[in-house]
Every structure is written in C-alpha cells, then in structure tokens.
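Heads up: the sequence lines are chains A and B, in that order. Each residue of the first sequence is one higher than the one before, starting from 1 at the first, in my numbering. Each residue of the second sequence is one higher than the one before, starting from 1001 at the first, in my numbering. One structure is given here, and the rest of the page talks about it.
2 protein chains.
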Amino acid sequence: MVTIADVAQAAGVSISTVSYVMSGKRAISQETRVRVEHAIDKLGFSPHAGARSLASRSTNVIGLQAPLRSGVDVHVVMQIVTGVVTQARKHGYDILLLASDDAKALERAARASMVDALLVMDVESDDPRIDTLTGLEHPSVLIGLPAGRRAIPCVDFDFEAAGWLAVDRLVALGHRRLALIGSPPEVMARHTSYADRLARGFLAACEASGVVGTVHPCPSSADAIDTVEAVVAGDPAITGFFVHNEGALPHVAARLVELGRTGAQPLSIVALCPDDVARSVPGLADSIAVPAEAIGAAATDMICEILAKAAKPTVRLLPPALTGNASTTRK
Amino acid sequence: MVTIADVAQAAGVSISTVSYVMSGKRAISQETRVRVEHAIDKLGFSPHAGARSLASRSTNVIGLQAPLRSGVDVHVVMQIVTGVVTQARKHGYDILLLASDDAKALERAARASMVDALLVMDVESDDPRIDTLTGLEHPSVLIGLPAGRRAIPCVDFDFEAAGWLAVDRLVALGHRRLALIGSPPEVMARHTSYADRLARGFLAACEASGVVGTVHPCPSSADAIDTVEAVVAGDPAITGFFVHNEGALPHVAARLVELGRTGAQPLSIVALCPDDVARSVPGLADSIAVPAEAIGAAATDMICEILAKAAKPTVRLLPPALTGNASTTRK
DNA sequence: TTGAAAGCGCTAACAA
DNA sequence: TTGTTAGCGCTTTCAA
C-alpha cells in the first residue's frame, strides 16, 4: 500500500506538505506542488479513508436509508437514489446504503462514525426515526414531508401543488367531474404524507374550481382495472382522470382509453409519474413529472450545504410541471 | 464521543480487554465480560469505524456497483440490491453504493481502503472493469456471467437453463412453433450476456425438441405491441410465447390474451420475471421467476466467504423454476 | 513556505 | 486471564 510517507519521500518533502498539497489548506510553492503531485500520480496514491476520518473526524460519506421493501414505487426510488449518488459524488461524498428501515441502523452508522450525515427516505409523520435523528449529532435531511414538528430539514416534490395543477388542466379541458386514481389502499390507509397531500391539493382545487372531485385508492396490479370499472359505474359522468399509481398506470390508462373510444364522451387522463414511465404508456400524452432524480439531487445539495455550514435547515418542495399535451380520447 | 478508553475506565479494565471482549479473539472471564458489556451498553459505545479500519486493515464494507442508468430492469436491479444489502448485514458488512459504472470508481474505493471487497453488477464480456478488478488486491464477485477468461468469480441466474425450461413447458402444452419475445434491441445488439444465454438455451431446446423457435427483440414500452403484431403476422402458426422483458410484459401479455381470445387457436405464455411482477400481470399464470433477491444474497455470501478465506472463487448459477399453471388462452 | 510531532481511536503483538 | 504499548496513515498545531 502506498502511504503519504512514500509520497513525501519520493517528492523530497515532509508528510505535512503532502497533506497540505492535497487539502489546499495552506500556501504551497508552485515548484513543491508540482513535485508532490507528480509523486502522487506516479505512485498512484490514494489516502486511506479510515486514517483520514480518524484524523479529520469526518468521513466524506453520507448514509442513505432507502425503502427497499416492496409496495413502493420502484422507479421513483431508483431515480431518487441515482440523484443522490450522482450529486453526492459531485460534492466529494460517497453513499453508504442502509437497508433495514429502522432507527437502529441510523444510530449505528452515526455513532460508529461511518457517515457525516444521514439522508432518510420514506418517512411517515409519526416515524420513530425522526426522534432518533433529532437526538443524533449528525445532520440529516428527510426526503419526504412528514406532518408534525418538522425539526429536520425536508426535501420533497410538491404533491399538493401537483393536485392543483392536474385539476386546473382537466378543468381547462372542459371536464366537470374528476377522479383521482391514487395509491394502493395500504398506502392511503397509513396516511402516507404524499398521498394525503396530493388528495388535499386535488380536492381543494376541485372545490375552488367548482367541480366535483373524488379520490379512489387503487391496487398496483392488474386489479387496478376493477377500480376503474367501479369508479365509472359509480358515476358515469366522470370524464377527467388524474392517475397517481405507477403500477396501475398502464392498466388504468389502457382501460380508460378503451372506455373513451367506446363511451359517450371524451375522457382525459393526467398521470403523475416519472417522465420515462409516462412515455412508455400508450394513449397518455398529458402528465405531471415526478422529478425523482432532482429530488435526490436537491436533498443531497441541502445536506452538503448543511455540512459545509453554508445553509440553514429548511423545507424545500420542488414545484410540479405539466408535460405533453392532453390525451383527450375522443369518441 | 464515547471511546474505548471511556469504556475501559468505566469497567475498570484495560482497553485491550474491551477490544477483546468485542472481538472475542481471546478468552475473557465471565465476570469481566459482563462488566465490560455493561459499560458498553451504559455508555452507548460504538467503535469508531475509521480507527478500526486503520488498525485492523479491514473496513467491513463491501462496495457495490449497481447500474442506476435506465434501460435496465428496475425491479430486478432493486431486488438484487436488496438481497445484497440484507445479506451483507447478516455477515456484518455494510454496503457502499458506487454509482458511475466506470472502472475508476472501483479503483478509487479499493485504493482508498474504503471497502474490503467489490460486487459488480451488469458486467459485459469485454467490460474494462474486469481488467481493473483483476489488477486490484481486493477480492470481487461479478453479478452476471461475462464470456471470456472468467478470472473473477460470478453469480448469476442460469438463463440458459431457463430457456430450456420454458421450451419444455410450452412443448408439453402442445405448442410446436415458439417465439421468444426478448430484451430491447439495444440490449440484444450489444450481446448482453444474459440475453444471449437465454436465446441460446431457448433455441437449443427448440432444436432438441424438434420444434420451431424464433427470437425477437422487443422495446420495453407500449411499442412492444407492434412486435407482437409483427411476430404473429410473420408466422400465424406460432402459439407458444416466452416473454422476457419486464417493461413490455404487460402490453405483450394483454395483446396475446386478446389474440388468444379472438384467434383460431389457444396460445400459451411463459414469462421470465420476478415473482411479484408476474403476479401483477393479468392472464399470466405461468412464469419462471428471476430470483433476483436470491442472486444478490448468493453473490454476497460468496464474497463474504472469500473474505473469510472459506471459499474458492467459482461460478455459481442459480437454477430456474417454474411457477403457477399454464395460462393457455382458450378460444 | 516548509517541517516536526502530537494525537485521532482502535487492534494485536508482546509481556506478565 | 489480563495489561502495556507500538503502531495503523492521516490531519493539524506549533515552530522555524
């Protein structure tokens, strides 16, 4: 193994000089710098991460707790993770992936000084991890927006605004009775923050626009079709659909397109999903993108800024934007 | 921060005793052990990971390079990662997630002693990362099976056997002309190992069984339907379908079910995908599960055994198994 | 502009 | 069965 001492010797300087060349924390003459950098390259030196963290009391690693369990939106999770890892590298950080989504894992990583900070996904309002995080000395950022005290900075998509946006769009297309085809029943039941916020925005916007809106949980499988049938049977006048359920989307969209073709009136669908998912669904031109990768990147930026003492903890919600044109299915 | 010295003092022993209590590397009297463990609990001591890795020359971290780019099978990747992380914890390891899928990232992690070993996903035959890994002092395991020298241990699903199994099943159901609806054209074109192996098994099995088999690349989107149309138009006598393309599966299955209902003859579909994906697709009871989580776990076991000097590097292929009953769509 | 040296918290000889 | 102590490779203060 190549150590800093080897580099120092090869360059004919002291160990501290090598260290300072790397950190840039003190002025170095042009000549020495070149000699040291040369030696580093020639020997292929990489400072030992453990030694570094021991001496500097920081690891350049961020712990990320991602929900690997099922029931979550795989694409979205993947994209957020991608955003986190990619952005972290830009700031010089690596990502330690913590699986088991319990508070213990967070504590372990923090107390063993394996990480400088923690990024936690999929947090619910009464999540015990929030207390754990609050008690830790390490800074942390939540990806999501639990209700409540809000003692920890959060980054998320503005689901509430997305609800408004979808309604505005559907109303603009002339629809007067709208349905939100949403998350699976289990997600709705545990009042997951984003599902609640989306429904709240949707319903408030309906009321503000003077149209009728209803919210329908929907399983993420082929059974989703049953939900559509039930909604349509329950109120045949519903012509505006807002679909937020990646697993169900292809089925729901297919069924709605079919209904639109055979039915008495034109239907419109607005989907809420990552861009690439929207593109893979036929008959779906109108969608609100969940900027999953951007969320991951934004959360990472925030934690890095906090680590650099450059920012105060805040809540940050990324605004929704409409993509494509209306997919009104005409008769 | 609580250090080992604090624990030693609290327990009235030397720091080496505390260290040995934790590692179990030497005999400790019952009494001392209890005192030390008590102190550890009371003080909430976790040994500093950096200090530990500096002194012991091992990190208890495994680097995992996962393909976070698109074009890959998100569910499968997620499940493999889940398997890796979960199993790693059982062996006492944590996972450092390396994103950018270049050789540099692997070298960096290894040379900076951030990891004890590397797990690399989605490796292709002429992948430059293989040379890098071979040149490293750290052990590594590939998740996948690149052709060629095979200097590094591999763990993967036995796609070739899966091809045989699917054909056997379809032939047993009475089909005589079979089609493999496979990976996207770009994946096929770069001769990705698994796609090649699957096709090889499929075609060999067809020949062995004396039936006609053809292989068709297929985009992972709604355009997949066009592929189905083209295949059926090209040879209307094809009645046995083997589908391996998660993105296209719902569309292909839906179209085939429809064709089976309206067409002249019964069709059968065998899908190759994770179990839960199979369950979410309607009209699809027959599938071969890609044991993605098990692959991740197996790869982790292998690398841990290698680290423990308990196993020699080998190639390990997990066998396929058929799930459910035939979804023969009768007229 | 540079060097010497004191730790950082732990493991693992070596000693008792 | 336990303690003492020499590092592990780096950062950073203190001195020059």
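Cβ coordinates follow ideal geometry from the N, Cα and C atoms, glycine included.
Item                                                                                                                   : Value
Residue-chain proximity (A/GLY163, chain B), Cβ-Cβ < 8 Å                                                               : no
B/ALA1147 and B/SER1183 closer than 8 Å at C-beta                                                                      : no
Cβ of B/ALA1008 within 8 Å of any chain A Cβ                                                                           : no
Sheet register partners of A/ALA289 (DSSP bridge)                                                                      : A/CYS273
Local conformation of B/ARG1190 per DSSP, three classes                                                                : coil
Cβ shell of B/GLY1044 (< 8 Å), same chain only, five flanking positions each side left out                             : VAL1002
Near-chain A residues of the segment 1075-1099 of chain B (beta-carbon distance less than 8 Å), N- to C-terminal order : HIS1075, VAL1077, MET1078, VAL1081, THR1082, VAL1085, THR1086, ARG1089, ASP1094, ILE1095, LEU1096, LEU1097, LEU1098, ALA1099
is_contact[B/VAL1290, chain A] using C-beta, thresh 8 Å                                                                : no
Residue(s) in a DSSP beta bridge with B/THR1214                                                                        : B/ALA1179
Same chain, Cβ closer than 6 Å to A/ALA39, five either side skipped, listed in chain order                             : VAL7, ALA10, ALA11
Per-residue burial, B/GLN1065 [other beta carbons within 10 Å of its own, 16 or more giving buried]                    : buried
Where A/ALA117 sits in the DSSP three-state scheme                                                                     : strand
Beta-bridge partners of B/ASP1158, as assigned by DSSP                                                                 : Paired residue(s): none; B/ASP1158 is not in a bridge.
Helix, strand or coil at B/LEU1068 [DSSP, three-state]                                                                 : coil
A/ALA326 at chain B interface by Cβ criterion, 8 Å                                                                     : Low confidence applies to A/ALA326: its pLDDT is 44, below 50, so where it sits in the model is not reliable, and the reading given next is rough at best. By this cut-off, A/ALA326 is not an interface position.
8 Å Cβ cut-off: residues of chain B touching A/SER19                                                                   : Those do not exist, as A/SER19 stays about 15 Å from chain B at its closest Cβ, beyond 8 Å.
Buried versus exposed call for B/THR1329 [16 or more other C-beta atoms within 10 Å across all chains shown]           : Unreliable placement is indicated for B/THR1329, whose pLDDT of 46 sits below 50; the coordinate value is still reported in the next sentence. Its Cβ being crowded by 16 or more others within 10 Å, B/THR1329 is buried.
Own chain partners of A/THR275 with C-beta closer than 6 Å, once the 5 adjacent residues on each side are dropped      : Strictly speaking, residue 275 of chain A in this sequence is Asp, with Thr absent from that position. Here the set comprises ALA289.
Residues in the segment 1228-1240 of chain B having any Cβ partner in chain A nearer than 8 Å                          : none
Inter-residue spacing [alpha-carbon to alpha-carbon] between B/VAL1315 and B/ILE1303                                   : 12 Å
Run of the beta strand (DSSP E) containing A/ILE80, from where it starts to where it stops                             : First-last for A/ILE80: 74-90, but that is the alpha helix (DSSP H), not the beta strand (DSSP E).
Contact list for the segment 26-50 of chain A against chain B, Cβ threshold 9 Å                                        : GLY44, PHE45, SER46, PRO47, HIS48, ALA49, GLY50
Contacts of A/THR279 in chain B (Cβ-Cβ under 8 Å)                                                                      : The question names Thr, but residue 279 of chain A in the sequence shown is Arg. Ordered by position in chain B, the residues that pass the 8 Å Cβ test against A/ARG279 are SER1221.
Closest by C-alpha distance to B/SER1014, when choosing among B/VAL1036, B/ILE1062, B/ALA1027                          : B/VAL1036
With 16 other Cβ atoms within 10 Å as the buried cut-off, status of B/ALA1172                                          : exposed
CA-to-CA distance, A/ALA49 to B/LEU1133, given in whole angstroms                                                      : 20 Å
Outcome for B/GLY1201 when other beta-carbon atoms lying within 10 angstroms are tallied against a minimum of 16       : buried
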